[in-house]
Structure formats: C-alpha cells, structure tokens
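Chains as they are written, first to last, in the working numbering: chain A, 976 to 1285; chain B, 976 to 1285.
Heads up, the thing below is written out as structure tokens.
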C-alpha cells in the first residue's frame, strides 16, 4: 500500500472534513465531524486536528493543508485574502504556515473583491474552484457553488474576474424558522419534495425577481386561500429564493457564459432541477471531490514540487 | 361636551388601539396597549376591550367597531374576507357581530385576492384604505402601506383592483436578529440613521432587484473590506429590502399610477425618503388618522344611518 503523503482538511464554520492522501494521490482515510471553526475556536484547533489524525494512525510528521474558515480572523491563524482579479494558482502563494506545530500546517487564503459597489469575500470556495477548473481552461465559465451563502464566480481563461454571494441558504433557514412562514412549513421535510411548487416558484422569481419578497408571502396566503400544503409552502420558499439568485447571478454576469455547478448531494439535485426548469445548460462537478482536488493541487505545489525547501 | 357615540378599535396581531368617538365625531379618549390578538386570544378579547372602556368611563351600552386580526380565524370572531375586485364600501357590508356581548360589537372583514398566481390577504389595512381614499375618488391610485408585511393596493375609481404583500418589515427583523448579519448590525439603532448608506442601497436594489440577496451580503463584506459601520450595515439592509419592494410594486402595478403613502412616524419618514431618492412623486396620509377615519365611516354606515334597525 502507498505511504501517506499529506493530510487535506476542509475546515468550515460548522463542519470539519479530513482526508489522508497517499503518495500516489489515493485516499487512505477520511474523517468528518461537526467540529467546525465555531467549535474548534473554543476547544483548540490543534487538538481537533491531532485527534482525527490519531484516529487514522497518521504519521506524526505528515504535513497538513487546510482551507476554509480556519483561516478567518476568528479562526486558527488568519490567512488573509487574495484580491480579484487573480489567477487561481495565486491562491497557492498565499498559504500561511501555522507557527509552533510539530507538523507543517498551511492554511490557504480566501478571495476578496474589493470593489466599493460590490465588496465580496469567500473562504473555502476558492479551493473548490481550484479543484473544479483546470488552470489552462479557455473561455468564460460561470461557476455556481450553492449553499448557506451561494457563490457565483466568473472565470475567464483561468482568471477569477469577480464573484457574487447570495444569501439563499441562510435566508431559507431564517425565514422557515423565525418568520410567520414557519407556521406555513411546519412539519415539512428539510429539502423540497413538492417539485411542482418548487419549479413554479423558481420560474416566477426568475422572471420577476423584484417580486421575490411578495412571492414568499404567497406561502401563507396560498395556504389561507387555496389549501397549499406545508411541503408546497416549503418548496415555494426554496424555489423563490433560488430563482431570484439565478436571475441575479445571470444579470450581473451576462447570459453568455456556460454554467458549471459545483455541488454535492441534495443541493446538487435541487440546482440541477432549477437549471433544467429554466433551460440553462450546465455541467456538474461534485463539490466534495472538487475541494479535495483543490487541496491536493495546493499540497503538491507546496511540498512535492518544492521538496528541496523543506 | 359632546356625548360618546361609539368606540373604534384597531386590533392588530401585537397591538391594540382604541378611540372613544363623540356624536360630533371628535375624539373623547384614546387607549394604546400591546394586548394584540396574540395576547387577547389567551386572556380573552371581551375582557381586554372592557378594561380599556372602563378606563375611559365609557357608557356600558356604547357600540364598538373593530378592524384587524381580531377578525382572523384565530381571533375573537372570524370576519372572513371580501374578494377583490371590490368597492371599498363593500367592506362595510361584511361586518360580523360578536355574539353574547352586552354591547353591539362588529368586526370588519379583510380583503382576499383569490388569484391562483398571486393569492393575497389583508386584514386591518382595508380599513386604513377606507379612511385614506374617498369612495368617489377618480383615476388610478397606488396605495403603499408599509410595515411588517407592506401592502401595495391598486385602486381605480374607488374600486380595489388588486394588491400585493411584501414581507419587508419581517425580513428586516429576522435578518438583523437571526442571520450572520446580526453581527454586522450589532449595537445599531432600530431605524436607519445612515442616510447615505440607506439611499445608496435603495437605489441599487431598485435598479437591480434580482441582486437583493447579494446586496444584503455586502453588509458583511463591506464591514470586512471597507470598515462599514453597524449603522451603515443596518441602513444597507433596510434600503435593499425597501428598494426591492418598491421595484416589485411598480413592476406589478405599472408606473403610471400616483403613489399614496399611508404611514405614520418613522416608517413614514423612511418611505418618504425612499420615494424622494427614487424621484417618485407621492402624497402622504397619516396611517393612524386613516384607520380611525375608516372605522368611523364604518360606524356611521352601520349605526348612524341605520338607527331604525337597532
């Protein structure tokens, strides 16, 4: 069996994922937990990492490459931002070493768009991008990375030209938990199951995004007047927010670019349904695989191509 | 001094307002409290009303006209809805008597728009409308009643043609209390004080409402990258939501109609600033006065013009 070469860590706000990667690039072990930045900032980042490495019996001196919120100001060590426009490869140059560790731990920086009109930041998604798009890719790509804060990134000839964050996932969460619409969705599943209601709301919000906050209210009035179900109300809220997001992303990026969806699991299925419903052609890349590939690209650039330095 | 003729009550979800009206139409007494439907549904509607009447030493047999959520299914007695399109005067015909009371208590119905595409309901605002617009008003009016759930109503020659609810106030509330942006606004005042940030966000969202959920995120990224203040972030969120609301209301109603703003206090000032910033001409009517006038019109139609019936 191949020997372990390095550890790749995607350390988000509320989630921790680790892969032990072999010298031939194969995955030798994997760990997932809820010990994201919020938890680790209290219990200690080094201890969380060590415990997972111990569980995989990883060598004591194996280096670790980390992306995500562990590099935020309130994280382990602040890794700053690379400013757009930038090449994807420039992310590699911004990796910050964590001092005082027994192993070599590097945290990748985020991306910042410092425009006055449209300031924006990402942390973690830049590594997904690195894994999703080959540096020598020609032409324009519009990359959609859905989630709590969906990111839409415009990449031209391998350069990140700009990006926009849409608060879709978080708005869905606070609206269905804390607004009057929490009554309308009570008892429904976590993800839309009423495909018809999802697609109708998606189209309505995509066609008239200005009516998004009006469409949301029809989750309540539809129940009062037409017997809309809880599953229907939930799908309507999800479809409205995603429809408005896609309209906004295409409005700011232009409609000419081909869409690359970087997502996993149920969120991937939801956005694929959305693009099909809106007749928008797209290509899908698995988000888990993308972030792992991005971390591996960084690890290889830092350690395998610079072995003389270490 | 004129003798008391009737009691007018605006009974909302979380607020209670009562006026004792004299035979000459003057206000003889006023009460305000937080005993809205939510509270009164638990403590008893009749008791809340009686306590406020006792405080004003109102005659035991004086009739009461009520509008608002007291007429909802979960209220005192369900007063149903009048369907649009409808004349404003038709609201009067839908008043429901509360059975088993020592005095004559009537609750006004709400309005329902039963369209499949755009179902909508209002309860309380129809009485504001009745007080804001004379029944013989000619031409098209677009009436804006901002609040937790802002209502925009299209009135043509005194007929309510249709209306749209925008969840502006409630979205502002859940976003600033429960989303990641709660950190961005921490310590700011209850209403926007950063006029520049409010107007810039208002214009941006009005021009590109599809970007509303992206603009919201700039309350966070603007703080990370440009030192946006808490007051600035709060004004940005408020301006974004109101800008998208106005864009949506004008998109669905057409831009030809003249806007009538029915609002009081700080919300009135905020929307007046918004209309000025967007160069939209408007006329303002005080919401408190409008609902009182609407209740008085109903009381006069029910009791003063039909005295032979009682």
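Just so it is clear, CB atoms sit at the ideal spot from N, CA and C, and this is done for glycine as well.
Keep in mind that this is a model prediction, so the values were computed, not measured.
Opposite residue i in the DSSP bridges: which residues?
i	result
residue 1075 (chain B)	Answer is none; residue 1075 (chain B) lacks a bridge partner.
residue 1258 (chain A)	A:1235
residue 1002 (chain A)	A:996
residue 1085 (chain A)	A:1056
residue 986 (chain B)	B:991, B:1043
residue 1061 (chain B)	B:1135
residue 947 (chain A)	Because chain A in this structure spans residues 976 to 1285, residue 947 (chain A) falls outside the shown range and cannot be described.
residue 979 (chain B)	B:997
residue 1080 (chain A)	A:1039
residue 1008 (chain A)	A:991
Just the Cα atoms here: how many angstroms apart are residue i and residue j?
i	j	result
residue 1284 (chain B)	residue 993 (chain B)	Because residue 1284 (chain B) sits at a pLDDT of 41, beneath the cut-off of 50, its placement in the model cannot be relied upon, and the following sentence gives the value as read from the coordinates. For residue 1284 (chain B) and residue 993 (chain B), the distance between alpha carbons rounds to 25 angstroms.
residue 1176 (chain A)	residue 1038 (chain A)	48 angstroms
residue 1111 (chain B)	residue 1122 (chain B)	27 angstroms
residue 1083 (chain B)	residue 1159 (chain A)	25 angstroms
residue 1228 (chain A)	residue 1136 (chain A)	10 angstroms
residue 1032 (chain A)	residue 1078 (chain A)	15 angstroms
residue 1206 (chain B)	residue 1236 (chain B)	26 angstroms
residue 982 (chain A)	residue 1021 (chain A)	14 angstroms
residue 1028 (chain A)	residue 1190 (chain B)	41 angstroms
residue 1222 (chain B)	residue 1178 (chain B)	10 angstroms
residue 1067 (chain A)	residue 1054 (chain A)	11 angstroms
residue 1069 (chain B)	residue 997 (chain B)	24 angstroms
residue 1006 (chain B)	residue 1040 (chain B)	15 angstroms
residue 1065 (chain B)	residue 1119 (chain B)	21 angstroms
residue 1138 (chain B)	residue 1095 (chain B)	7 angstroms
residue 1188 (chain B)	residue 1148 (chain B)	15 angstroms
residue 1268 (chain B)	residue 1030 (chain B)	23 angstroms
residue 1195 (chain B)	residue 1208 (chain B)	7 angstroms
residue 1085 (chain B)	residue 1100 (chain B)	8 angstroms
residue 1298 (chain B)	residue 1019 (chain A)	Any property of residue 1298 (chain B) remains undetermined from this structure, which presents chain B solely from 976 to 1285.
residue 1035 (chain B)	residue 1131 (chain B)	41 angstroms
residue 1129 (chain B)	residue 1004 (chain B)	34 angstroms
residue 1167 (chain B)	residue 995 (chain A)	50 angstroms
residue 1220 (chain A)	residue 1270 (chain B)	42 angstroms
For the beta strand (DSSP E) containing residue i, list its first residue and its last residue.
i	result
residue 972 (chain A)	A question about residue 972 (chain A) goes unanswered here, because the residues of chain A that appear run from 976 up to 1285.
residue 1125 (chain A)	1125 to 1131
residue 1095 (chain A)	1095 to 1097
If you count every other CB in all the chains shown that lies within 10 Å of the CB of residue i, and 16 or more means buried, which is it?
i	result
residue 988 (chain A)	buried
residue 1124 (chain A)	buried
residue 1088 (chain B)	buried
residue 938 (chain A)	For residue 938 (chain A) there is no data in the structure shown, the boundaries of chain A being 976 and 1285.
residue 1183 (chain B)	buried
residue 1126 (chain A)	buried
residue 1210 (chain B)	buried
residue 1169 (chain B)	buried
residue 1048 (chain A)	exposed
residue 1214 (chain B)	buried
residue 1143 (chain A)	buried
residue 1198 (chain B)	buried
Could you please give the first and the last residue of the uninterrupted alpha helix (DSSP H) stretch that includes residue i?
i	result
residue 1115 (chain A)	Element bounds for residue 1115 (chain A): not the alpha helix (DSSP H) but the beta strand (DSSP E), 1115 to 1120.
residue 1139 (chain A)	Looking at the DSSP string, residue 1139 (chain A) is not in any alpha helix (DSSP H); the run it does join, the beta strand (DSSP E), is 1134 to 1141.
residue 1182 (chain B)	1170 to 1182
residue 1216 (chain B)	1205 to 1228
residue 1092 (chain A)	Run containing residue 1092 (chain A): none; DSSP gives neither H nor E here.
residue 1109 (chain A)	Segment: none, residue 1109 (chain A) is in no alpha helix (DSSP H) and carries neither H nor E.
residue 1028 (chain A)	1020 to 1030
residue 1189 (chain A)	1187 to 1201
residue 1276 (chain B)	No alpha helix (DSSP H) holds residue 1276 (chain B); DSSP gives it neither H nor E.
residue 1154 (chain B)	Element bounds for residue 1154 (chain B): n/a, residue is neither H nor E.
For residue i, verify whether its CB is less than 8 angstroms away from any heavy atom of the ligand NAP.
i	result
residue 1138 (chain B)	This structure does not include the ligand NAP; it has no bound ligands of any sort.
*asked:* Taking beta-carbon pairs under 9 angstroms, can you tell me which members of the stretch 1139 to 1171 of chain B lie near chain A?
replied: Those residues of the stretch 1139 to 1171 of chain B that come within reach of chain A (Cβ to Cβ, closer than 9 angstroms) are 1139, 1140, 1141, 1142, 1143, 1145, 1146, 1148, 1149, 1150, 1152, 1153, 1154, 1155, 1156.
*Using a Cβ-Cβ cut-off of less than 9 angstroms, give me the residues of the stretch 1094 to 1105 of chain A that come near chain B, in sequence order.*
Here the close residues are 1094, 1095, 1096.
*Please list the residues of the stretch 1242 to 1271 of chain B that have a C-beta atom closer than 8 angstroms to any C-beta atom in chain A, keeping them in chain order.*
Taking 8 angstroms as the Cβ-Cβ cut-off against chain A, none of the residues of the stretch 1242 to 1271 of chain B qualify.
*Relative to chain B, which residues along the stretch 983 to 997 of chain A have a C-beta separation below 8 angstroms, given in chain order?*
Per Cβ criterion, the list is empty.
_Chain-ordered residues of the stretch 1200 to 1220 of chain B with a beta carbon less than 9 angstroms from chain A_ = Cβ contacts with chain A come from 1200, 1201, 1203, 1216, 1219, 1220.
*What residues from the stretch 1048 to 1081 of chain A come within 9 angstroms of chain B, judged by C-beta to C-beta, listed N to C?*
Correct list: 1048, 1056.
_Using a Cβ-Cβ cutoff of 7 angstroms, what residues of the stretch 1003 to 1019 of chain B are near chain A? List them in chain order._
Cβ contacts with chain A come from no residue of the stretch 1003 to 1019 of chain B.
*Note down, in chain order, all residues in the stretch 1122 to 1134 of chain B with a beta-carbon under 8 angstroms from any beta-carbon belonging to chain A.*
Within the stretch 1122 to 1134 of chain B, the residues whose Cβ lies closer than 8 angstroms to some Cβ of chain A are 1124, listed in chain order.
*Name the residues in the stretch 1176 to 1192 of chain B whose C-beta lies less than 8 angstroms from a C-beta of chain A; which are they?*
If the cut-off is 8 angstroms between Cβ atoms, the stretch 1176 to 1192 of chain B has 1179, 1183, 1184, 1185, 1186, 1187, 1188, 1189, 1191, 1192 near chain A.
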